[in-house]
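For reference, the structure discussed in these notes is given below.
2 protein chains.
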Amino acid sequence: MRDFLPEDVRRREYVIGVITRVYQRYGFEPLETPAVENLATLLGKYGDEGSQLIFKILKRGEHEKTGEADLALRYDLTVPLARVVAQHQAKLPRLFRRYQIQPVWRADRPARGRFREFYQCDVDLLGSTSPVVEAELCTAVSDVLTELGFSDFVIRLNDRRVLTALLDAAGVAEGLHGPALVAIDKLDKIGADGVEGELTARGIEPEARAALLSCFDLRPGTDATARSCDAELDRLATHVRSEPGQSALDNLRAIVRLVGGTRAASSMRVDPSLARGLSYYTGAIMEVSVADLPGSLGGGGRYDHLIGMFSGQEIPACGFSLGLERILVVMAERGMFPPALANAPADVMVAMFDMSTASHALRVADQMRACGLRVLVYPEAEKLGKQIKYADGRGVPFVALLGEDEITAGTVTVKDLAAQTQHTYEQSAAGAAILEALKERG
Amino acid sequence: MRDFLPEDVRRREYVIGVITRVYQRYGFEPLETPAVENLATLLGKYGDEGSQLIFKILKRGEHEKTGEADLALRYDLTVPLARVVAQHQAKLPRLFRRYQIQPVWRADRPARGRFREFYQCDVDLLGSTSPVVEAELCTAVSDVLTELGFSDFVIRLNDRRVLTALLDAAGVAEGLHGPALVAIDKLDKIGADGVEGELTARGIEPEARAALLSCFDLRPGTDATARSCDAELDRLATHVRSEPGQSALDNLRAIVRLVGGTRAASSMRVDPSLARGLSYYTGAIMEVSVADLPGSLGGGGRYDHLIGMFSGQEIPACGFSLGLERILVVMAERGMFPPALANAPADVMVAMFDMSTASHALRVADQMRACGLRVLVYPEAEKLGKQIKYADGRGVPFVALLGEDEITAGTVTVKDLAAQTQHTYEQSAAGAAILEALKERG
């Protein structure tokens, strides 16, 4: 787990600010839940592997000695959402659009862009089964990445029911659907030959294997995502024969058409090999990625049964989760942050001539702050050269000097460190003058 | 621990925004630390009672069975700051001004404005012993509360060394300093008679008791904070005889003089009965309160030795911590939040006539969002009356209609729900027109 020093925090807040603004532009509203949930709420929701990665909290007081845990750290933002809906349903709108940007904790091995404490940026719409929901999530995520300066991302789209239909069509026994998907999901890591080997190792018969390679178009040199969405949907329609599979393809076609008129259209791809790990997905699934980061920047999908597990009442839902840490890693590597984020902590430093006149320094600082300036007061009457060097070293552009003459005359001398010039102002006018100078240099 | 629904989050973010802006105006920089610290880092830093209130996290994997804890949830923001300074010192400026606004966790009994997960808003300046630091913290806190709309707060000021000097002067044996302070600290809860009873119960001799009542001016009907700071400092000077006590009084006088020229001057009080619980304070201590909330909205003080416990090198420090939850409680009770925080989640809702023309709805929504509008798309082609009622119920002021006629003509009809009027615009011009209408109504 990491400390974030000032420049780190500024970068994180910049990205979170863009995500928040875009989600609000889609009518999503903020939700925050506690870091700590009842352990029972989380257990069994993330599979066996997930349960092992939950940080568990000891009972308090005399029960501490039992070594038992009753609470746990939040593992994702979806299960807490489901709990909130069950608990506060009467206070929530019928169509609940919420975003939630908070840390989650997993006792995982750290890797590049993967940490034990990391932020998820989730956006979900509850209460509708319309493909408009999936389409809006895709365009919102596209808007976020575009505003952050990404131009090369791809949003891959698939449907759980299409996966099932393709596996059925290839003749994979139902009990082997899971292992086959795990193998197919590794395509971007181990290539087509690797996938074939994995399929063999996982007990898929030669005939089904050949059919799978054809259905999923896994042969070396081919790439489903190089095709237009419509072309890939047409190709898939020749393989998918079951009714649920056909209806899922129709739904994907609707999503693609809905996104078609927006700025996100060119980023959409249909990718039959996209599987997504979590078992609670029931329909469309999505993932967004860029070429230079293995894995994804985020993903999501439709999960129409999870909310019902908590509220006892089926509420359809679809969501998307962006990984803040992975976005930050790529933005840092590509140098995508605005230079202003590395800025000085203040616009002006008031130097300290003498402790006996320090109250004048604080009064002038107070006046400047009332103008909206960020003002640092040097707290000790050290040598003036040392003080100015400190301001310069921290990138503070102006130093305000209040010597005996200035105090007597009610003025203040403002030194421009870059231009190496200085001007004397009435104390009440200095703030406005510095603001003006800052505006001029942009 | 609490869930924060959309309006709660907006209120919290509003207050955090004001605090952040003011602290930045003082040149403070943001720091964030992990929610989880090593248990060993926290143990022994908050006294015996504090250690019992720490949430402890079980070891992971096979060690889970041992029932042992090795990690813990952050208990405050000061100890993590000390750890950060020891760990990252080379990357930090010589005078480190940091603010940190994050949740902390305590396994405490909840009460009004007290929760097991709550936010602290800390601001600290490391690296200087100058009273300018204390003065700047007081003016910063005053600026925060003034900008939030408080006009009746009081910043009480005292010094740990003055407390010691007064107890010595009253003839209280050193071993009884602690119990005597606990009794005196209850003045605002149990009154002067109550304090006298507590002093008796805690074994303070009658002579010392009488002297204490005089030194601390605890007699019924008197109130140290009704006096001017200078008058109270003059009165205390007649009791304090030790050299450290006199030098502490001089320091308090310097702080009062420094604040004297700023907007915070009228809020300052010297209060000899202010004790503050934490044992790490070494000099000036401060607390800010309002009449209608028992306890304080925040407090702080100088702690010149704590950082050295981690870094091995003495670094003087002084800080102030505002309690977000208590500020929110008072603001809610007094109705101090700007009405805009209760606003609708969107500026306009695009209604859905027919799923076959839904892509037009998404394209128009996309255009409006590109103008900066917050746009909700109704996801299902339900009866128009039901859709409009939904928008109205959520406070969304405009509804955009895209029927067959509009789609053919490339226009959109915008309904103003409050005025019960409607206008038809070119699709590309509708966003600007709605923005204009929103500006007009302010």
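Chains as they are written, first to last, in the numbering used here: chain U, 3 to 444; chain Z, 3 to 444. A virtual CB, placed ideally from N, CA and C, is assigned to each residue, including glycine. Please read these numbers as outputs of a predicted model, since none were measured by experiment.
Cβ neighbour criterion (16 or more within 10 Å) applied to residue i
i, result
"Z:I59", "buried"
"Z:I103", "buried"
"Z:P36", "buried"
"Z:E200", "buried"
"Z:R85", "buried"
"U:P82", "buried"
"Z:N253", "buried"
"Z:I436", "buried"
"Z:S430", "exposed"
"Z:I157", "buried"
"Z:E51", "exposed"
Distance, residue j Cα to residue i Cα
i, j, result
"Z:D410", "Z:A367", "This sequence places Thr at residue 410 of chain Z; Asp is not what is there. So the alpha carbons of these two residues sit roughly 17 Å apart."
"U:S144", "Z:A142", "40 Å"
"U:L127", "Z:I287", "49 Å"
"U:A2", "U:R396", "Residue 2 of chain U falls outside the range modelled here, since chain U spans only 3 to 444, and no answer is possible."
"U:V106", "Z:L44", "21 Å"
"Z:F155", "Z:E442", "37 Å"
"U:V332", "U:V24", "20 Å"
"U:L235", "U:L251", "7 Å"
"U:F152", "U:G279", "26 Å"
"Z:C231", "Z:M351", "58 Å"
"Z:F1", "Z:Y16", "This structure cannot speak to residue 1 of chain Z, because chain Z is shown only from 3 to 444."
"U:R336", "U:V414", "44 Å"
"Z:D190", "Z:S298", "11 Å"
"Z:V38", "U:S53", "19 Å"
"Z:D356", "U:L55", "46 Å"
"Z:V164", "Z:I257", "14 Å"
"Z:G1", "U:G205", "In the structure as shown, chain Z begins at 3 and stops at 444. Residue 1 of chain Z is therefore absent and cannot be evaluated."
"U:D78", "Z:R265", "45 Å"
"U:E209", "U:S216", "11 Å"
"U:R162", "U:R116", "26 Å"
Nearest-angstrom Cβ-Cβ length linking residue i and residue j, presumed shorter than 8 Å
i, j, result
"U:L150", "U:I390", "With a Cβ gap of about 38 Å, U:L150 and U:I390 do not count as contacting."
"Z:M3", "Z:R118", "5 Å"
"Z:A167", "Z:S244", "5 Å"
"U:F218", "U:S275", "5 Å"
"Z:L214", "Z:A172", "4 Å"
"U:D306", "U:P318", "4 Å"
"U:A348", "U:V398", "5 Å"
"U:R146", "Z:V379", "It should be pointed out that residue 146 of chain U corresponds to Val in this sequence rather than to Arg. No, U:V146 and Z:V379 are not in contact; Cβ-Cβ is about 17 Å, not under 8 Å."
"Z:I361", "U:R259", "Here the sequence assigns Ser to residue 361 of chain Z, which means Ile is not the residue at that position. That belief holds up - the Cβ atoms of Z:S361 and U:R259 are roughly 5 Å apart, short of 8 Å."
Partner residues on chain U for residue i, Cβ-Cβ distance less than 7 Å
i, result
"Z:G29", "P347, A348, R376, V377 and L378"
"Z:S132", "P381 and E382"
"Z:L343", "Those within 7 Å of Z:L343 in chain U number zero; the least Cβ separation is about 11 Å."
"Z:A137", "L364"
"Z:R13", "Residues of chain U passing the Cβ test: none, with the nearest at roughly 11 Å."
"Z:Q26", "R376"
"Z:V86", "D5"
Proximal chain Z residues relative to residue i, where beta-carbon distance stays under 7 Å
i, result
"U:R396", "P95"
"U:G262", "S361"
"U:R162", "Within chain Z, no residue comes near U:R162; the closest Cβ sits about 20 Å away, beyond 7 Å."
Proximal chain U residues relative to residue i, where beta-carbon distance stays under 9 Å
i, result
"Z:T35", "M3, R4, D5 and F6"
"Z:H90", "D5 and L7"
"Z:A109", "R62 and G63"
"Z:E119", "P36, A37 and V38"
"Z:R259", "A360 and S361"
"Z:P105", "P36 and A37"
"Z:R304", "Residues of chain U passing the Cβ test: none, with the nearest at roughly 12 Å."
Neighbouring residues, chain Z, relative to residue i (Cβ below 8 Å)
i, result
"U:I59", "F57, K58, I59, L60 and L75"
"U:T68", "G69"
Within chain Z, partners of residue i - CB distance below 9 Å
i, result
"U:D368", "T141, D145, G263, T264, R265 and A266"
"U:V81", "The premise fails here: U:V81 is roughly 13 Å from chain Z at the closest Cβ pair, so nothing lies under 9 Å."
Beta-carbon neighbours of residue i, restricted to chain U and to distances below 8 Å
i, result
"Z:R371", "R27, Y28 and D145"
Checklist line | Secondary structure, alpha helix (DSSP H): runs of 4+ residues fully inside the stretch 68-120 of chain U | finding: If we require 4 residues or more, the alpha helix (DSSP H) runs fully inside the stretch 68-120 of chain U come out as 80-90.
Next item on the list: Give, in chain order, every unbroken run of the alpha helix (DSSP H) that is at least 4 residues long and sits entirely within the stretch 382-438 of chain Z.
Entry: Complete alpha helix (DSSP H) runs here, min 4: 386-395 and 406-411.
Checklist line | Runs of alpha helix (DSSP H) lying entirely within the stretch 201-284 of chain Z, each at least 4 residues, in chain order | finding: The alpha helix (DSSP H) runs of length 4 or more contained entirely in the stretch 201-284 of chain Z are, from start to end of the chain, 208-217, 231-239 and 245-261.
Check: At which residue ranges does the stretch 276-346 of chain U contain complete alpha helix (DSSP H) runs of 4 or more residues, listed in the order of the chain?
Finding: 308-313 and 326-335
Item checked: Segments assigned alpha helix (DSSP H), at least 4 residues, entirely inside the stretch 116-185 of chain U -> 133-150 and 162-171
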